[in-house]
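Per our numbering, residue 4 is the first one in the sequence shown, and the count goes up by one each step. Where a beta carbon is used, it is the ideal one built from N, C-alpha and C, also for glycine.
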Amino acid sequence: MHIGLVGLGKMGGNMRERLRRGGHTVVGYDRNPDVSDVASLAEMVEQLPSPKVVWAMVPAGDPTRQTVAELGGLLAEGDVIVDGGNSRWTDDLANAASLEDKGIGYVDCGVSGGVWGLENGYALMYGGDAADIEKVQPAFDTLKPEGDFGAVHAGKVGAGHFSKMVHNGIEYAIMQAYAEGWELLEKAELTDNVTEVFRSWREGTVIRSWLLDLMVAALDEDPGLSQIAGYAEDSGEGRWTVEAGIENAVATPAITAALYARFVSRQDDSPTMKAIAAMRNQFGGHAVKTAAPRGGDAAPDQGAPDQSKAAEQAGAGSGTEAGES
Numbered sequence: 004m005h006i007g008l009v010g011l012g013k014m015g016g017n018m019r020e021r022l023r024r025g026g027h028t029v030v031g032y033d034r035n036p037d038v039s040d041v042a043s044l045a046e047m048v049e050q051l052p053s054p055k056v057v058w059a060m061v062p063a064g065d066p067t068r069q070t071v072a073e074l075g076g077l078l079a080e081g082d083v084i085v086d087g088g089n090s091r092w093t094d095d096l097a098n099a100a101s102l103e104d105k106g107i108g109y110v111d112c113g114v115s116g117g118v119w120g121l122e123n124g125y126a127l128m129y130g131g132d133a134a135d136i137e138k139v140q141p142a143f144d145t146l147k148p149e150g151d152f153g154a155v156h157a158g159k160v161g162a163g164h165f166s167k168m169v170h171n172g173i174e175y176a177i178m179q180a181y182a183e184g185w186e187l188l189e190k191a192e193l194t195d196n197v198t199e200v201f202r203s204w205r206e207g208t209v210i211r212s213w214l215l216d217l218m219v220a221a222l223d224e225d226p227g228l229s230q231i232a233g234y235a236e237d238s239g240e241g242r243w244t245v246e247a248g249i250e251n252a253v254a255t256p257a258i259t260a261a262l263y264a265r266f267v268s269r270q271d272d273s274p275t276m277k278a279i280a281a282m283r284n285q286f287g288g289h290a291v292k293t294a295a296p297r298g299g300d301a302a303p304d305q306g307a308p309d310q311s312k313a314a315e316q317a318g319a320g321s322g323t324e325a326g327e328s
């Protein structure tokens, strides 16, 4: 298929490459001319056959709303816009409504996979009308991981991002549990090699997971996590999950505690938050308060540009983005 892709940051750029490897024709636009295939959104739209499909991978909030509004003025009846960023599901309802009179379809897609998605595939949770989903399906099939799982039509517009929001809330709680367990093992001074204990859990235990694998990778690169500040950001989706729990009278104590722990991390140098910051950097390339592990963001003292600022200037990337927590 032919598809337009807006935002070619850490995730968007890799998604363009995976789609091209899958045989699709991708016209990418980014405000950074060094990575863009075209000079403008209008030029991108002109190069797409009808019905046109345009996938946006830009930061949530105003950047996404502005991109959708501009595309709404360039596309026509029967075309489809996909928001693959980390938008709040309530924004999806507003965006879809703004396009309805023009007959332009809208699909919201929660994307998980971080910097590893190019090779491993991306977990996709999408919402929208079946007819609109069908127009995007070839791209979904290429971006998803191999096998029977990793992609789902979650429901109507908003369901994709709502599902991804809950996914990220669960992620908060799992990372918090691993991190607290690591700190306890280190503090008790009974275990000779905490890293090897964590490594042993990667097979045969009920708590094995990819996050555990990434925690071990972080500990291999920086034993004791001495090079990482105990400070962890939150992407916003943890907050939205807690708010949704309140709105629906569903108790979310583990997710809420994990979110609050990140707030605490901004007041002191927490060992638990060192572990969470390390895992975030491993799976999503999220910046840490120090030189980054292999494959993550480049450290300022290495002469590399500030990736978060570069993404913002490019209108690209959704690392927390369409990325993770």
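Listed in chain order, the alpha helix (DSSP H) runs fully inside the stretch 10 to 73 are 13 to 24, 44 to 49, counting runs of at least 4 residues. In the structure shown, L127 falls within a strand segment according to DSSP collapsed to helix, strand and coil. Annotation: G227 is outside any alpha helix (DSSP H) and is labelled neither H nor E by DSSP. D82 counts as buried, since no fewer than 16 other beta carbons sit within 10 angstroms of its beta carbon. If you keep only unbroken beta strand (DSSP E) runs of at least 3 residues inside the stretch 99 to 156, you get 108 to 115, 126 to 130.
If you look at V267, you'll find it in the alpha helix (DSSP H) that goes 256 to 268.
An exposed status is given to E250, since fewer than 16 other beta-carbon atoms sit within 10 Å of its beta-carbon.
Using a Cβ-Cβ distance cut-off of 8 Å, the stretch 155 to 164 and the stretch 125 to 140 are in contact, since at least three pairs of beta carbons, one from each stretch, lie closer than that value. Secondary structure at L8: strand, using DSSP grouped into helix, strand and coil. In the structure shown, the three-state DSSP call for V253 is coil. Cβ contact annotation for V56 (same chain, cutoff 6 Å, sequence separation greater than five): I6, V83, K138, V139, in chain order. By the Cβ neighbour-count rule, Q270 is exposed, with fewer than 16 other Cβ atoms within 10 Å of its own.
For I173, the enclosing alpha helix (DSSP H) begins and ends at 162 to 191. In the pairwise beta carbon analysis, the stretch 15 to 33 is classified as not touching the stretch 91 to 104: fewer than three pairs are separated by under 8 Å. Our two residues, E183 and S115, have alpha carbons roughly 24 Å apart in a direct line.
A contact is defined here as three or more CB-CB pairs under 8 Å, and the stretch 228 to 247 meets this definition with respect to the stretch 273 to 290. Proximity of the stretch 62 to 80 to the stretch 98 to 107 meets the contact definition, three or more beta-carbon pairs being nearer than 8 Å.
Taking C-beta separations shorter than 8 Å and ignoring five residues to either side along the sequence, the partners of E189 in its chain run V197, G227, P274, following chain order.
Annotated as proximal: G163 and G113, with beta-carbon spacing under 9 Å. In this structure, G288 lies away from V38, with their beta-carbon atoms at least 9 Å apart.
Under the Cβ criterion (8 Å, minimum of three pairs), the stretch 260 to 270 counts as touching the stretch 163 to 180. DSSP places D94 in the helix class (H, G or I) of the three-state scheme. Relative to the Cα of E149, the nearest Cα in the group A126, A247, D135 belongs to A126. In the structure shown, the three-state DSSP call for G287 is helix.
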